[in-house]
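**Q** These protein sequences, in sequence, are chains A and B. Quick note on numbering: the first sequence equals residues 0 to 222 in numbering that gives the first Met the number 0. Quick note on numbering: the second sequence equals residues 0 to 396 in numbering that gives the first Met the number 0. Ideal Cβ placement from N, Cα and C applies to all residues, glycine included. None of the values given here were measured: they were computed from a predicted structure.
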Amino acid sequence: MIKIENVHKFYQIGPLSMEILKGVNLTVDKGEFLSIVGTSGCGKSTLMNILGLLDIATSGSYFLDGKEVSDLSDHEHSETRNKKIGFAFQHFYLLSRLTALDNVGLPLIYRGTSERERRERSAEMLKKVGMDHRLHHKPTELSGGEQQRVAIARAFVGKPSIILADEPTGALDTKVGQEIMNLFLKLNEEEGVTIIIITHDPGIAKQGKRAVRMHDGLLREGL
Amino acid sequence: MILKANISEATRSLIGAKQRTLLALIGIFVGIGSVIAMISIGTIVQEEALRQFKEMGTDILSINKGYGGQGDSQRKSGTITLEIAEKIPIYCPEIIAVAPYTSTYGTFKYEGKKWQGPAMGVTGTFIDLNKLRMKKGRFISDLDEQTYFCVIGNKVEEKLRSFGITTMIGTEMFFQNKLFTIIGVIENTPVGGMRPYEINEGIMIPITLVRRFEQGGEIQNIIARMSPEGGHVTASRQITDYFQKAVKGLAVRVRSAEEIINQMQKQMQLFTLLLGAIGSISLIVGGVGVMNVMLVSVAERRKEIGIRRALGAQRGDIQIQFIIESILLCMVGGLLGIGLGIGASYGISIFSKWHFAVSYDAILLGVVVSAVVGIFFGFYPARQAARLNPIEALRSE
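1) Inspect the beta-carbon positions of A118/B and I206/B and report whether they are closer than 7 Å.
2) So, are the CB atoms of V232/B and F242/B less than 7 Å apart?
3) Mind listing the chain A neighbours of E303/B? Cutoff is C-beta to C-beta under 7 Å, in chain order.
4) Contact criterion: CB-CB distance below 7 Å. Does P106/A meet it with respect to chain B?
5) If you run the structure through DSSP and keep just helix, strand and coil, what is F376/B?
6) Find out if the Cβ-Cβ distance for the pair A385/B, R301/B is shorter than 7 Å.
7) Please return the same chain residues whose Cβ sits closer than 7 Å to the Cβ of Y109/A, not counting the five positions on each side in sequence.
8) May I have the straight-line CA-CA distance separating Q11/A from S60/A, to the nearest angstrom?
9) State the DSSP-derived secondary structure class of G68/B, mapped to helix, strand or coil.
10) So, using beta-carbon positions, are K185/A and F32/A closer together than 7 Å?
11) Buried or exposed for D165/A, going by 16 or more other Cβ atoms inside 10 Å?
12) Apart from the five residues on each side of it in sequence, which residues of its chain come closer than 6 Å, Cβ to Cβ, to G373/B?
13) Using a cut-off of 8 Å between C-beta atoms, extract the partners of L20/A located in chain B.
14) Does the pairing of the segment 15–24 of chain B with the segment 68–81 of chain A give three or more beta-carbon distances under 8 Å?
15) Which residues in chain B have a C-beta closer than 8 Å to the C-beta of F86/A? List them in chain order.
16) According to DSSP, which residues form a beta bridge with V211/A?
17) Would you verify that the beta carbon of R394/B is, or is not, closer than 7 Å to some beta carbon of chain A?
18) Among the candidates G216/A, L222/A, R153/A, whose CA atom is the shortest distance from the CA of N5/A?
19) Anything in the segment 195–209 of chain A with a Cβ closer than 9 Å to a Cβ of chain B? List those residues in chain order, please.
20) Taking the C-alpha atoms as reference points, what is the distance between L274/B and L50/A?
21) Residues bridged to L53/A by DSSP?
22) Please state whether the Cβ-Cβ distance between V113/B and T106/B is less than 7 Å.
23) So what does DSSP say about E144/B, is it helix, strand or coil?
24) Specify, as a first and last residue, the run of the beta strand (DSSP E) that L63/A falls within.
25) Along the segment 36–63 of chain A, what residues have a CB closer than 8 Å to any CB found in chain B?
In structure tokens:
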């Protein structure tokens, strides 16, 4: 499903070359619910960006659905993100001018899906995340938990192979955060989608089927 | 589908940033407005100038003595007599009518009041060839021959009325100390074009009379009308040939209305182009305004760009999104500007008493130019947006 081998990532900051990832290996099977835990600055966001094809590893290989994707063009990366990867972010990142329904439909626009189908699929997905009563609300009219639900609907609407969630509960209080985790768990069961959650919170991490810890640019199994 | 989504997204974004949108709109509005106004006015002036020619018909030729040739002074020595002039239609099959005339300048006198003005010696055909209209009385007839009759222009009538004369016909006035009886008044006639003389300010008297008191009152000019089937080239050649045979050593220059109109049209197009170029300067300023607004828009929406890229938008999708926004901005400004331009040219033509006409070319040009301005000045900001690194864009606040 997902396999990264010996991934290194260097950042050039002025004259200094910082090694953020120091040879990361990771295999994630289809339908897994994986948590990546680590303190801030350990490189977990960099790993997430590489997994999400927003960034490219300095060296190493990345197989997604059995295909080496790290050396694809920007165009192919965009297309892969669009079709195979769903993102959820700590701060939701919804577009404030659009309604919940239109926000969810965004990934489908870039596939050329018709407006009618976009609306149908978005409404259906919003129903799955329990937001069918807020279809025409804008993000500013929604609570944090509701916004994250919309963002999750947006991540799932395109039926991706993997969902990458970066601190999805980080901006929410414990109770709402737990609701969001329950939603991820439910969708993982129902849709069979691989979910990778990045968090610094071991309490969140242990709810997944599997957890790995990132420390100083390296990964190891377990919390 | 994506286009429709882009257009509605662009609309939302432009409405969202009202103040900025408004400022950019004003720039384009004034820019397109001035281009349209300049071009419309250019076209109106052109039509106005040509109308004076067309009024007399394009079948008119003007024959002038002596000028041109090869600059050989001896060739100017011959004299055109009335007889020679009036025989033109007989010898030139393409010519159906001629109106020779003489021009002079002198002193008018009425009850002790004196003023200067022009007088023309004309034949009976003059009224038809020049498409003049009588306001009162009749025109000079060839039968008037040596009679001291005159037809007065509109301005002369006004002058006489200011002296207290109510009935023009039959009133007597002096020109160069000869007493003339007024037999008609010409309606106000626009001059210029093929009527290069002051009809309104002066009088017209029988051409046969001029010689009796005016030295050198010889025929310098003839107006001629071609047959409807005739071409001006053939007609001109026939006239030149005729004069060469009829008067030894005489060269005439023949100019046709058609020729002059073509010449004028070329000049006027250049003039319109120049006006358009002047208008374009403000359009460029407006375009830079749009570019500025678009750059701000891109900077403010870095995060949005990052989100869209993460969700799978291609660079091209982002670029098109911003270009469409820029085009939309320019098109709205442009449409308003077309209104402004037409309004302005309408105002100016009312003020200058020109015939107002909406130039559809100018409208089409306005629409096309605003789209082009949108693409041109939106391209750079859109490319900036498309080239943003998705991670950096996502991180920005």
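**A** Taking the geometry as given:
1) In this structure, A118/B keeps its C-beta atom at 7 Å or more from the C-beta atom of I206/B.
2) Contact: no.
3) Close to E303/B, with beta-carbon spacing below 7 Å, are these residues of chain A in chain order: L94.
4) True, the Cβ-Cβ gap to chain B drops below 7 Å.
5) F376/B carries a helical assignment under DSSP once its states are collapsed to helix, strand and coil.
6) The answer is no: Cβ separation not under 7 Å.
7) Within its own chain, the residues whose Cβ lies closer than 7 Å to the Cβ of Y109/A, once the five positions on either side in sequence are excluded, are N81, listed in chain order.
8) Straight-line Cα distance between these residues: approximately 21 Å.
9) Bear in mind that the predicted position of G68/B carries a pLDDT of just 46, short of 50, making it too unreliable to give a figure here.
10) Contact: no.
11) D165/A comes out buried.
12) Non-local C-beta neighbours of G373/B in its own chain, meaning closer than 6 Å and more than five positions away in sequence, comprise S325, I326, C329, ordered along the chain.
13) For L20/A, there are no C-beta contacts with chain B under 8 Å, since the nearest C-beta of that chain is about 14 Å from it.
14) Judged by Cβ distances under 8 Å, the segment 15–24 of chain B makes no contact with the segment 68–81 of chain A, as fewer than three pairs qualify.
15) Within chain B, the C-beta atoms nearer than 8 Å to that of F86/A come from A309, L310, in chain order.
16) For V211/A, which the question treats as bridged, DSSP gives the partners I35/A, E220/A.
17) It does not; no Cβ of chain A falls within 7 Å.
18) Nearest of G216/A, L222/A, R153/A to N5/A, Cα basis: G216/A.
19) Taking 9 Å as the Cβ-Cβ cut-off against chain B, none of the residues of the segment 195–209 of chain A qualify.
20) Roughly 59 Å between the two C-alpha positions.
21) DSSP lists no partner for L53/A.
22) For clarity, residue 113/B is Lys in the given sequence; the question names Val instead. Yes, the Cβ-Cβ distance between K113/B and T106/B is below 7 Å.
23) Looking at E144/B - three-state DSSP - the assignment turns out to be coil, as it is neither helix nor strand.
24) In the DSSP assignment, L63/A falls within the beta strand (DSSP E) that extends over 58–63.
25) Residues N48, G51, L53, D54.
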